[in-house]
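Letter 153 of the sequence shown, counting from 1, is numbered 153 in my numbering, and no numbers are missing.
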Amino acid sequence: MILVAIGSNLGSPTIGSPLQVCEAAVQCLCQSGVRVLARSRWFETAPVPVSDQPWYVNGVVAVATDLAPADLLGRLHGIEAGFGRVRRTVNEARVLDLDLLAYDDRVQAGPPVLPHPRMDRRAFVLLPLADIAPDWVHPGTGLCLPDLLAALPSDQQIRPVP
């Protein structure tokens, strides 16, 4: 299973709210030749690490593609750039964030690092992932999703978008 995280906490003058940006990103993935097989609900999430940034809208999609992991990541970065993302500093507010979380059962030191090195500590990844793959097992640690969810820090704020 190939997994991609989608997030936004800044609106776009041409697209609209962070939720609309995330919806448009799913459509853009499809138009770029990446097939979306499943998608989670959207969640509102406080920034991690904690900051005064606006809350994010986050979700996860399962996709199918013939692209190799590095090429898929390049495609994701191209989509981000098309939405106006400029990478300046780590953990900054952004119009669109697309992360390659996992590529089947591949474990690699990079590039890209697979599975994503912080995904197992992020409620904004694991809760949406539970919507589409409740039996998913982390290929690096062998831990199942319920165990990963139970080990999450209690200070991460997340709620489904109404």
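We treat Cβ as the ideally placed atom computed from N, Cα and C, and that holds for glycine.
From a predicted model like this one, the values you see are computed outputs, not experimental measurements.
**Q.** Whole-angstrom distance between Q156 and R121, CA atom to CA atom
**A.** Here residue 121 corresponds to residue number 121 of the sequence shown, with the count starting at 1. Here residue 156 corresponds to residue number 156 of the sequence shown, with the count starting at 1. Cα to Cα, the separation comes out at about 10 Å.
Q) Taking the C-alpha atoms as reference points, what is the distance between E92 and H77? A) Here residue 92 refers to the residue found at position 92 when the sequence shown is read from its first residue. Here residue 77 refers to the residue found at position 77 when the sequence shown is read from its first residue. Taking the straight line joining both Cα atoms gives about 16 Å.
Q) What's the call for D66, buried or exposed, on a 16-neighbour Cβ count within 10 Å? A) Taking the first residue of the sequence shown as position 1, residue 66 is located at position 66. So D66 ends up on the exposed side.
Q) Span of the beta strand (DSSP E) holding R35? A) Position 35 of the sequence shown, counted from the start, is the residue given in the question as residue 35. Following the DSSP letters along the chain, one finds R35 inside the beta strand (DSSP E) bounded by residues 35 to 39.
Q: Check each candidate in A64, Q53, I158 and name the one with the smallest Cα separation from L37.
A: As a working mapping, residue 37 is identified with position 37 in the sequence shown. Answer by Cα proximity: A64.
**Q.** Residue ranges of each alpha helix (DSSP H) within the stretch 51 to 116, 4 or longer
**A.** 69 to 82
Q. Can you tell me whether DSSP reads A24 as helix, strand or coil?
A. Within the sequence shown, the letter at position 24 stands for residue 24. Reduced to three states, the DSSP call for A24 is helix.
Q: Look up I132 in the DSSP assignment and say whether it is helix, strand or coil.
A: The count along the sequence shown starts at 1 and reaches residue 132 at position 132. Three-state result, I132: helix.
Q. Looking only at its own chain, which residues have a Cβ that is under 8 Å from the Cβ of I6, when we skip the five neighbours before and after it?
A. Here residue 6 refers to the residue found at position 6 of the sequence shown. Same-chain partners within the cutoff: C22, A25, V26, N58, G59, V60, V61, L96, D97, L98.
Q: Inspect the beta-carbon positions of V107 and L114 and report whether they are closer than 8 Å.
A: Counting from 1 along the sequence shown, the entry for residue 107 is found at position 107. Counting from 1 along the sequence shown, the entry for residue 114 is found at position 114. Contact flag set, yes.
Q) Shortest alpha-carbon distance to G142 belongs to which of D131, P128, D105? A) Working through the sequence shown from its first residue, we reach residue 142 at position 142. Nearest of D131, P128, D105 to G142, Cα basis: D105.
Q) Grouping DSSP H, G and I as helix and E and B as strand, with all else coil, what is A5? A) Here residue 5 refers to the residue found at position 5 of the sequence shown. Strand.
**Q.** Residue nearest to A123 in terms of C-alpha spacing, selected from Y103, F83, R159
**A.** Here residue 123 corresponds to residue number 123 of the sequence shown, with the count starting at 1. Comparing Cα positions, the closest option is R159.
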